[in-house]
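Just below is one structure, and these are the notes that go with it.
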Amino acid sequence: MTDKEIDIQTALGTLPLWKRIELGMIDFIEMPSLIHKDVILITCKELLPLHRHYYLEGHRAEVVQRIILDCKNNNYD
Numbered sequence: 001m002t003d004k005e006i007d008i009q010t011a012l013g014t015l016p017l018w019k020r021i022e023l024g025m026i027d028f029i030e031m032p033s034l035i036h037k038d039v040i041l042i043t044c045k046e047l048l049p050l051h052r053h054y055y056l057e058g059h060r061a062e063v064v065q066r067i068i069l070d071c072k073n074n075n076y077d
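Laid out in structure tokens, this is it:
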């Protein structure tokens, strides 16, 4: 996707969720697990209507990459 395409889709409000995540346009909500110290809950307001929350082990960057893949595979907009 070129910068021009990104600018146009952003202006139209049609930029896919996965691309907005990659570009850092999405704010995430993170909470540590009370039971497992290596597990975090992560979501964002765009995923809340879809009831998508991610309870995953690992670092934040790994979890965000998993969310991007999930958004691409399931066509979340």
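53 is the number that UniProt numbering gives to position 53 of the sequence shown; each next residue is one higher, with no gaps. Glycine included, C-beta positions come from ideal geometry on N, C-alpha and C.
Runs of the alpha helix (DSSP H) spanning 4 or more residues and lying entirely within the segment 3-48 occur at 3-12, 17-22, in chain order. Taking all protein chains in view, the Cβ of Arg60 is surrounded by fewer than 16 other Cβ atoms within 10 Å, so the residue is classified as exposed. By the beta-carbon neighbour count (other beta carbons within 10 angstroms, threshold 16), Leu48 is exposed. For Leu69, the enclosing alpha helix (DSSP H) covers residues 60-74. In the DSSP secondary-structure assignment, Leu56 is bridged to Ile40.
In this structure, Tyr76 lies away from Leu23, with their beta-carbon atoms at least 8 Å apart. Between Ile26 and Cys44, the CB-CB gap stays under 8 Å. Relative to the Cα of Leu50, the nearest Cα in the group Met31, Ser33, Cys71, Ile40 belongs to Cys71.
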